[in-house]
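Taking it in order: structure first as structure tokens, then the write-up.
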Amino acid sequence: KIIIFWNFELVLLNSSLSQHKIIDLQAFCNEYGLWLVGVYQQRNENYFIQVYGYNNLSVNKKMQINLKGH
């Protein structure tokens, strides 16, 4: 499991999102598979959450949720 989570982090850091600061990483597993949720800071108070589905050591699904600062 440690290797899988490390690979997840490497995928995030090597993705097109790498110019944004990663402020949190969470992983969880359910009946649909293994998931990683990365929280990024774009600039100032703008944040977004990127959700990754993980299968066969590659990212196969992505969803982005934008969050506005106060």
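Residue numbers for the sequence shown, in mature numbering (1 follows the signal peptide of the UniProt record, and there is no 0): -18 to -1, 1 to 52. The beta carbon of each residue, even a glycine, is placed where N, CA and C say it ideally should be.
Query: In DSSP terms, what Q8 is bridged to; Result: V19
Query: Between the CA atoms of Y34 and H2 - distance to the nearest angstrom; Result: 16 Å
Query: Local Cβ density within 10 Å of residue 69, reported as buried at 16 or more and exposed below that; Result: Residue 69 is absent from the model: the chain starts at -18 and stops at 52.
Query: Alpha-carbon to alpha-carbon, N12 and N28; Result: 29 Å
Query: Environment of Q32 [buried if 16+ CB atoms lie within 10 Å]; Result: buried
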